[in-house]
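*Asks:* Mind having a look at this structure? Questions to follow.
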Amino acid sequence: MELDTPVLDNHMHLDPDYGRGLDAVDDFARLGGTHLLVVNKPSWHLDVEVNTGEDFREVFERTIAIVEDASELLDGRAWPVLGVHPGLISRLVDDRGFTPEEARDLMQAGLDVAAEIVGDGRALALKSGRPHYEVDDAVWDASNAVMRHAFELGAELDCAVQLHTEGTDDLTEVAEWAEEAGLPAGKVVKHYSGGTLAGPIPSVMSEKDRLRVAAEAGEPFLMETDFVDDPDRPGAVMGPKTVPRRVRWLLEEGYDAAVRTAHVETPRAVYGIDTHNHL
Numbered sequence: 006m007e008l009d010t011p012v013l014d015n016h017m018h019l020d021p022d023y024g025r026g027l028d029a030v031d032d033f034a035r036l037g038g039t040h041l042l043v044v045n046k047p048s049w050h051l052d053v054e055v056n057t058g059e060d061f062r063e064v065f066e067r068t069i070a071i072v073e074d075a076s077e078l079l080d081g082r083a084w085p086v087l088g089v090h091p092g093l094i095s096r097l098v099d100d101r102g103f104t105p106e107e108a109r110d111l112m113q114a115g116l117d118v119a120a121e122i123v124g125d126g127r128a129l130a131l132k133s134g135r136p137h138y139e140v141d142d143a144v145w146d147a148s149n150a151v152m153r154h155a156f157e158l159g160a161e162l163d164c165a166v167q168l169h170t171e172g173t174d175d176l177t178e179v180a181e182w183a184e185e186a187g188l189p190a191g192k193v194v195k196h197y198s199g200g201t202l203a204g205p206i207p208s209v210m211s212e213k214d215r216l217r218v219a220a221e222a223g224e225p226f227l228m229e230t231d232f233v234d235d236p237d238r239p240g241a242v243m244g245p246k247t248v249p250r251r252v253r254w255l256l257e258e259g260y261d262a263a264v265r266t267a268h269v270e271t272p273r274a275v276y277g278i279d280t281h282n283h284l
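So the number in my numbering is just where the residue sits in the sequence shown, counting from 1, plus 5.
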């Protein structure tokens with residue numbers, strides 16, 4: 006299904022073992038999708054129990070492998086985004102008896118491994134953030150320290166950092182932390198965003214209402230599904246066909262400039278990728 010534009014889903018998961026995997030990529034491509042940013046699933050979803058930073062390497066390598074296979078199915082290509090899910094801190098502290106500081110150190114060590122892989126050119130960007138649910142002050146502070154470490158790594162590598170955070174339309178302070186670390190706010194992306202966001206670049210969930218707000222705001226944005234590829238939650242959060250379908254809708258509504266913003270200009274500015282030349 007030709008849409009005559011690159012079509013990028015900025016945040017999708019693929020499960021190499023238990024999910025739909027490459028069948029989901031087929032669905033995306035068949036509807037006109039051309040490019041994917043594939044974020045590693047949380048380590049525990051891949052049955053990896055982490056005790057050292059090196060333990061994350063298996064999660065990252067399995068993600069890279071399925072991304073390579075996904076690229077074979079696309080007119081464009083897929084890239085891995087690697088990091089440590091911020092929800093891990095609660096599993097470590099609540100279930101495994103880590104102190105918040107011990108959990109912080111382990112998660113930062115995992116990010117160091119992800120950064121090594123980005124530095125080798127085998128992944129495009131880092132993923133970090135902080136819990137989207139209530140936690141105590143010690144866990145919150147430790148989570149912010151993990152996120153700020155990701156910004157330091159992103160600054161060293163000149164790579165983007167995708168964030169999983171609480172729902173909000175204002176992350177100005179977080180963007181300032183990135184700038185303090187040497188990472189431009191324009192290389193910080195909040196996944197699962199509404200149509201507008203102060204601070205980082207919004208990666209907008211592909212619902213029509215949110216997309217209309219983003220399109221009419223005229224600011225840089227990306228589009229995503231956060232497809233989780235979980236057989237126990239089919240279609241969650243959004244199915245892999247959603248972004249190309251919403252691109253078609255945006256074009257039908259006359260939002261051609263917004264489509265170019267989300268699928269050509271913002272990917273180039275944030276990640277340094279040329280979606281036109283990867284077709």
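Each residue gets a CB set at the ideal place from its N, CA and C atoms; glycine is no exception.
If I measure Cβ to Cβ from Pro21 and keep anything under 6 Å in the same chain, skipping five residues before and after, which residues do I get?
*Replies:* Arg67, Ile71
*Asks:* Using only the alpha-carbon positions, how far apart do Asp142 and His196 sit?
*Replies:* For Asp142 and His196, the distance between alpha carbons rounds to 23 Å.
*Asks:* Is the CB-CB distance between Pro205 and Val179 below 8 Å?
*Replies:* yes
*Asks:* Hey, how far is the Cα of Ala114 from the Cα of Arg153?
*Replies:* 13 Å
*Asks:* Taking the CB atoms as reference points, tell me whether Asn45 and Leu87 lie closer together than 8 Å.
*Replies:* yes
*Asks:* Starting from Val118, trace the alpha helix (DSSP H) in both directions and tell me its first and last residue.
*Replies:* 105-124
*Asks:* My assumption, with CB atoms under 8 Å, is that Glu229 sits in contact with Ser208. Please give the rounded CB distance.
*Replies:* 5 Å
*Asks:* Indicate the three-state DSSP secondary structure (helix, strand or coil) for Asn15 in the structure shown.
*Replies:* strand
*Asks:* In chain order, what residues of the same chain have a beta carbon less than 7 Å from the beta carbon of Ile122, not counting five sequence neighbours either side?
*Replies:* Phe65, Leu87, Ala128
*Asks:* Compare the beta carbon distance of Ala183 and Leu227 with 8 Å and say whether it is the shorter of the two.
*Replies:* With respect to the 8 Å criterion, Ala183 and Leu227 are not classified as neighbours on the basis of their beta carbons.
*Asks:* Taking the alpha-carbon of Glu161 as reference, which of Ala120, Val275, Gly191, Gly199 has the nearest alpha-carbon?
*Replies:* Ala120
*Asks:* Can you tell me the Cα-Cα spacing of Thr173 and Gly200, whole angstroms?
*Replies:* A straight-line Cα-Cα distance of about 11 Å links Thr173 and Gly200.
*Asks:* Are the Cβ atoms of Phe33 and Pro249 separated by less than 8 Å?
*Replies:* yes
*Asks:* Hey, out of Ala262, Ala165, Arg215, His16, whose CA is closest to Val275's CA?
*Replies:* Distances from the CA of Val275 to each of Ala262, Ala165, Arg215, His16 were compared; the closest alpha carbon is that of Ala165.
*Asks:* Val264 to Asn56, Cα distance in whole Å?
*Replies:* 43 Å
*Asks:* With DSSP as the reference, label Asp235 as helix, strand or coil.
*Replies:* coil
*Asks:* Using DSSP's beta-bridge definition, name the partner residues of Gly88.
*Replies:* In the DSSP assignment, Gly88 is bridged to Lys132.
*Asks:* Which residues does DSSP list as the beta-bridge partners of Pro207?
*Replies:* Lys195
*Asks:* Relative to the C-alpha of His50, which residue among Arg238, Gly37, Pro11, Leu216 is closest?
*Replies:* Arg238
*Asks:* If you draw a straight line from the C-alpha of Leu13 to the C-alpha of Pro245, how long is it?
*Replies:* 11 Å
*Asks:* On the DSSP bridge assignment, give the partners of Met228 in chain order.
*Replies:* Val209
*Asks:* Give a yes or no on whether the C-beta atoms belonging to Val151 and Arg109 are separated by under 8 Å.
*Replies:* yes
*Asks:* Is the beta carbon of Leu116 sitting closer than 8 Å to the one on Leu93?
*Replies:* no
*Asks:* Could you tell me the alpha carbon to alpha carbon distance between Met17 and Asp146, rounded to whole angstroms?
*Replies:* 28 Å
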